[in-house]
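The structure under discussion appears below in the form of structure tokens.
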């Protein structure tokens with residue numbers, strides 16, 4: 001758990017909340033701004049060659065690949081999912097939100113960031129079902145990296 005990250009409880013609830021409405025960052029190390037990750041490889045050719053990129057059709061598997069791509073970015077800066085304070089999740093079908101949330105939950109392990117979920121008409125490749133961008137804040141001990 002990042003000691004500089006505090007979940008502010010705006011209201012008491014007796015039900016599970018899969019995100020934090022408000023995160024307070026008490027003192028920052030480094031700010032990490034992670035571009036939208038998809039189920040495509042982090043590095044791939046542009047313009048996209050449709051035949052060379054084959055994202056899975058299953059939304060849970062796409063979500064797992066997205067989270068693994070985010071994990072690679074976080075690890076490259078010495079950060080973890082516990083350091084993520086905000087996500088923006090873009091989906092092509094709002095009906096997928098529960099399946100996506102179930103997979104994301106396994107990565108955040110209770111350290112839920114502030115988050116926004118938005119349905120969009122399409123993503124960069126018609127076969128993609130979601131894209132996630134993130135902001136993370138590392139602790140002072142991590143920022144010396």
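Numbering (full-length UniProt numbering), first residue to last: 1 to 145.
Note that beta-carbon positions come from the ideal geometry of N, C-alpha and C, so glycine has one too.
Residue nearest to residue 106 within the set 39, 24, 47, 65 is 65 (criterion: CA-CA distance). Counting every other CB atom within 10 Å of its CB across the protein chains shown gives residue 37 a total of 16 or more, marking it as buried.
With respect to residue 130, residue 89 sits close: the two C-beta atoms are nearer than 9 Å. Between residue 138 and residue 32, the CB-CB gap stays under 9 Å.
Per the coordinates, the alpha-carbon of residue 68 lies some 31 Å from the alpha-carbon of residue 13. Judged by pairs of C-beta atoms under 8 Å, the stretch 77–88 does not touch the stretch 48–61, as fewer than three such pairs exist. Bounds of the beta strand (DSSP E) holding residue 36 are 31–37.
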